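Notes follow the structure.
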Amino acid sequence: MNTRLCCLPLLIALWMATISIAPAQDFKAPKGEHWVAVASTQDINNAIGIARYFGRDARAVRTRNGWFAVVLEPQKGTIQEIRKKQAWLQLPVDAFLADGKFITEIVWAPRDAVLAQTTLTGERSAVVTSGRLTVVAQRRMDHDGWTAHLNGQIDGRQAFDLSYTFETAADYPSTLQLVHLNKDNEFPDVVFDANTGGAHCCVQTMAVTPDLAGHWAVVDLETLDAGGPDFEDVDGDGVAEIVHGDNGFLYLFAPYVESFQPILIKKLVGGSLRDVSLEIGSRPRLVQDTRGLEFMAKLDSSLWSKNGFLAAWVADKVRIDEGVDAWNKMLQAYQRDTDFGVSKCEIDEPIAKCPLDKQRVLPFPEGLSQHLQEAAYARAYVENAPAPASASAPSTPRPPQGETTATGTSGTGFFISGDQLLTNAHVVKGCDDVDTSIGGIRSPGKVMARDPINDLALVKVNIAGTAVAQLRGGVRLGEDIAVFGFPLRGILASSGNFTRGTVTAMAGLGDDSRYFQISAPVQPGNSGGPLVDRNGNVVGIVVSKIDALKLASITDDIAQNVNFAVKASIVESFLQASGVQFSSEPAHQELAPEDLAAKAQSISVPIECRPPMQ
Numbered sequence: 099m100n101t102r103l104c105c106l107p108l109l110i111a112l113w114m115a116t117i118s119i120a121p122a123q124d125f126k127a128p129k130g131e132h133w134v135a136v137a138s139t140q141d142i143n144n145a146i147g148i149a150r151y152f153g154r155d156a157r158a159v160r161t162r163n164g165w166f167a168v169v170l171e172p173q174k175g176t177i178q179e180i181r182k183k184q185a186w187l188q189l190p191v192d193a194f195l196a197d198g199k200f201i202t203e204i205v206w207a208p209r210d211a212v213l214a215q216t217t218l219t220g221e222r223s224a225v226v227t228s229g230r231l232t233v234v235a236q237r238r239m240d241h242d243g244w245t246a247h248l249n250g251q252i253d254g255r256q257a258f259d260l261s262y263t264f265e266t267a268a269d270y271p272s273t274l275q276l277v278h279l280n281k282d283n284e285f286p287d288v289v290f291d292a293n294t295g296g297a298h299c300c301v302q303t304m305a306v307t308p309d310l311a312g313h314w315a316v317v318d319l320e321t322l323d324a325g326g327p328d329f330e331d332v333d334g335d336g337v338a339e340i341v342h343g344d345n346g347f348l349y350l351f352a353p354y355v356e357s358f359q360p361i362l363i364k365k366l367v368g369g370s371l372r373d374v375s376l377e378i379g380s381r382p383r384l385v386q387d388t389r390g391l392e393f394m395a396k397l398d399s400s401l402w403s404k405n406g407f408l409a410a411w412v413a414d415k416v417r418i419d420e421g422v423d424a425w426n427k428m429l430q431a432y433q434r435d436t437d438f439g440v441s442k443c444e445i446d447e448p449i450a451k452c453p454l455d456k457q458r459v460l461p462f463p464e465g466l467s468q469h470l471q472e473a474a475y476a477r478a479y480v481e482n483a484p485a486p487a488s489a490s491a492p493s494t495p496r497p498p499q500g501e502t503t504a505t506g507t508s509g510t511g512f513f514i515s516g517d518q519l520l521t522n523a524h525v526v527k528g529c530d531d532v533d534t535s536i537g538g539i540r541s542p543g544k545v546m547a548r549d550p551i552n553d554l555a556l557v558k559v560n561i562a563g564t565a566v567a568q569l570r571g572g573v574r575l576g577e578d579i580a581v582f583g584f585p586l587r588g589i590l591a592s593s594g595n596f597t598r599g600t601v602t603a604m605a606g607l608g609d610d611s612r613y614f615q616i617s618a619p620v621q622p623g624n625s626g627g628p629l630v631d632r633n634g635n636v637v638g639i640v641v642s643k644i645d646a647l648k649l650a651s652i653t654d655d656i657a658q659n660v661n662f663a664v665k666a667s668i669v670e671s672f673l674q675a676s677g678v679q680f681s682s683e684p685a686h687q688e689l690a691p692e693d694l695a696a697k698a699q700s701i702s703v704p705i706e707c708r709p710p711m712q
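Using this note's numbering, the first residue of the sequence shown is number 99, and each one after it goes up by one.
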């Protein structure tokens, strides 16, 4: 983790050392009250993330020593009395009371983007006004829901008169808000919601927004569990974004009470929502969300072993380019004995149509990887991605760096569709363009997608292959497999190398369920090559071999043929997230070894990375 949190006693010492410096502004607490200092850090987004955890009474401030502190608004009482009043918000053990003389500037405080709001109960009408716009709202019971009627006037003249039906809604209060969501609109948008009832689900939200011609229309702002959206000007452009937790993480890896959600950031553009979570203006907000989660785990270290927390934290870390370290920490800490997780159908049916007796829950790392792919979190990792985990990380196999050539690194790829190759991310690390040889003809290619977490990459080439891989899951321990690749180019045969072996373990180092362990010999340059079964189906992609010399220094023995491959299920998730059509109908006819070699050779090509010109 990279929270850069400092203990509060250091803040006190630095404060005392600079006590003679006059503050630019007086932040002294009122008589009989004290600020509550809860954390200090050198990073502003870390401070803001922690402040967000403590809610509307929290402030991120700059201190005289140049650090940032998180404080709660001045209040009366001893630290013990204040701690008791915090209810579920736990104060750190080193929190202390301060008079505010150490504060030089408030750098962040909760800011409400809502211009005006009111609450509707029953069928009573309510009115909100902001500037020239006045909106009158009323709702009437309609079968199992509400029909909301909204009338808007600008300077006393009617601008819209619209109705919207919430087909399932309980007799809970509704909120009517005016907030600027569309940058091109002169007037604020009208936001209205209804609650379906129940312990925590769900809030349906809609907006009434004008187009460029001034015609007002209703836009659905989605139905959300765990409360409705927040409105924040995330990117500082003067209008609010819609911020809410990603409901896809609720109930998936843990029960509701133990589920955590990374945030999604959306913008209302015209009459539709656009996810802007990965845009540059959203990055500080994502960092803040991540640091807030990490602070929660600082207060409650048991969170590091809870899958619901780990899932949201890894998702957040992936989006801010810190995914490798997060993934390695997760592999060492995750809970294995759980019934929650991503399910896979053991027959050829989508999970929604799969009989219960044919469903199985994937191991947490494999399920999380699949979910991150399908929810497009892994795509955040494509640009500016860190390198795969180093050899010092005990929980993941060490990807080789590819065979070094005069121009870059080289490895193997195989056709997954007509003109698209699959290979390892480390084979094409540092380059966008590659060279391949297809049927003896040199063909350039371009890297289209990468997933460094699972060490996968997609390459598009100019010449279509004559055959494509048929993917197959469900490999068993002890099953015969074979590897094809182009190792040690310039030394071994340029036509490729075929080796055979077995599946020797159903997980990689540290029980990493994304991998198989295989006995088929592999060499530098095999990376990215297909792992095939006796019928020629691709069941995995060769990714690494164990560092035998490093292991020998620990065990006094040389490990032989301890190699690893990424499972086909992980490959399928990556391809689905990348929008690639592939064959998942496996062949069932067992092939003679020479025919198996020919089939593997027909889909495989050498790949050479071409680094950008300096």
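Where is the CB? At the ideal position from N, CA and C, for every residue including glycine. What you are looking at is a predicted structure, and each value in this text was computed from that prediction instead of being measured.
I believe residue i touches residue j by the beta-carbon criterion, under 8 Å. Please report the beta-carbon distance rounded to the nearest angstrom.
{"i": "Leu319", "j": "Thr303", "result": "4 Å"}
{"i": "Val545", "j": "Asp530", "result": "5 Å"}
{"i": "Ile705", "j": "Val664", "result": "With a Cβ gap of about 16 Å, Ile705 and Val664 do not count as contacting."}
{"i": "Ala698", "j": "Ala580", "result": "6 Å"}
{"i": "Ser228", "j": "Pro286", "result": "6 Å"}
{"i": "Ile701", "j": "Pro628", "result": "6 Å"}
{"i": "Pro271", "j": "Leu218", "result": "6 Å"}
Measuring CA to CA, which of the options is closest to residue i?
{"i": "Pro714", "options": "Phe584, Asp530, Leu310 and Asp609", "result": "What the structure shows of the chain is the stretch from 99 to 712, and residue 714 is not part of that stretch, so it cannot be assessed."}
{"i": "Ala127", "options": "Ile201, Lys182 and Gly153", "result": "Ile201"}
{"i": "Tyr354", "options": "Asp323, Leu366, Ala338 and Ile363", "result": "Asp323"}
{"i": "Ser326", "options": "Val301, Leu348 and Ala567", "result": "This sequence places Gly at residue 326; Ser is not what is there. Of Val301, Leu348 and Ala567, the residue nearest in Cα terms is Val301."}
{"i": "Phe358", "options": "Val367, Ala695, His342 and Lys365", "result": "His342"}
{"i": "Ala338", "options": "Lys364, Thr263, Leu520 and Val669", "result": "Lys364"}
{"i": "Leu348", "options": "Ala690, Leu408 and Val385", "result": "Leu408"}
{"i": "Gly312", "options": "Leu569, Gly368 and Val641", "result": "Gly368"}
{"i": "Arg715", "options": "Pro628, Ala395 and Gly334", "result": "With the chain covering 99 to 712 only, the question about residue 715 has no answer from this structure."}
{"i": "Pro360", "options": "Ala474, Ile252 and Gly379", "result": "Ala474"}
{"i": "Val440", "options": "Asp423, Asp446, Ser467 and Ala431", "result": "Ser467"}
{"i": "Asp259", "options": "Glu179, Asp291, Thr307 and Ala268", "result": "Thr307"}
{"i": "Gly576", "options": "Ala603, Ile551 and Pro684", "result": "Ala603"}
{"i": "Arg612", "options": "Leu689, Gly147 and Leu460", "result": "Leu460"}
{"i": "Ser625", "options": "Gly511, Gly147, Phe680 and Val316", "result": "Gly511"}
{"i": "Pro622", "options": "Val636, Asp609, Val630 and Val641", "result": "Val641"}
{"i": "Asn144", "options": "His132, Trp133, Arg157 and Val134", "result": "Arg157"}
{"i": "Gly563", "options": "Pro550, Arg574, Arg540 and Asp549", "result": "Arg540"}
{"i": "Gln251", "options": "Gly243, Gln275, Glu265 and Val226", "result": "Val226"}
{"i": "Pro172", "options": "Arg574, Lys129, Met239 and Ser676", "result": "Lys129"}
{"i": "Leu362", "options": "Val601, Ala246 and Asp414", "result": "Asp414"}
According to DSSP, which residues form a beta bridge with residue i?
{"i": "Trp186", "result": "DSSP output for Trp186 lists no bridge partner at all."}
{"i": "Lys665", "result": "Gly638"}
{"i": "Ser702", "result": "Phe512"}
{"i": "Arg255", "result": "Ile252"}
{"i": "Asp291", "result": "Thr303"}
{"i": "Trp411", "result": "None; Trp411 has no bridge partner."}
{"i": "Ala224", "result": "Ala235"}
{"i": "Ile529", "result": "Strictly speaking, residue 529 in this sequence is Cys, with Ile absent from that position. Cys529 is not bridged to any residue."}
{"i": "Asp318", "result": "Met304"}
{"i": "Val630", "result": "Ala580 and Val636"}
{"i": "Arg548", "result": "Ala555"}
Assuming residue i is part of the beta strand (DSSP E), what are its boundary residues?
{"i": "Lys442", "result": "Ser441 to Cys443"}
{"i": "Asn426", "result": "First-last for Asn426: Gly421 to Ala431, but that is the alpha helix (DSSP H), not the beta strand (DSSP E)."}
{"i": "Gly538", "result": "Element bounds for Gly538: n/a, residue is neither H nor E."}
{"i": "Gly677", "result": "That residue, Gly677, is in no beta strand (DSSP E); it is neither H nor E in DSSP."}
{"i": "Lys132", "result": "One point to set straight first is that residue 132 is His, not Lys, in the sequence displayed. Taken as a continuous stretch (DSSP letters only), the beta strand (DSSP E) holding His132 covers His132 to Thr139."}
{"i": "Pro271", "result": "That residue, Pro271, is in no beta strand (DSSP E); it is neither H nor E in DSSP."}
{"i": "Thr521", "result": "Gln518 to Thr521"}
{"i": "Ile201", "result": "Ile201 to Trp206"}
{"i": "Arg458", "result": "Gln457 to Val459"}
{"i": "Ala211", "result": "Per DSSP, Ala211 belongs to no beta strand (DSSP E) and is neither H nor E."}
{"i": "Pro619", "result": "Per DSSP, Pro619 belongs to no beta strand (DSSP E) and is neither H nor E."}
{"i": "Gly343", "result": "Glu339 to Gly343"}
{"i": "Glu330", "result": "Asp328 to Glu330"}
{"i": "Phe194", "result": "Phe194 to Ala196"}
For the alpha helix (DSSP H) containing residue i, name the first residue and the last one.
{"i": "Pro463", "result": "Phe462 to Glu472"}
Can you check the region 360 to 406 for any beta strand (DSSP E) of at least 3 residues that lies completely inside it and give the ranges in chain order? 361 to 367 and 370 to 373
Which runs of the beta strand (DSSP E) fall wholly inside the region 152 to 181 and span at least 3 residues, in chain order? 156 to 161 and 166 to 173
What beta strand (DSSP E) runs, 3 residues minimum, are completely inside the region 574 to 615? 578 to 583 and 595 to 603
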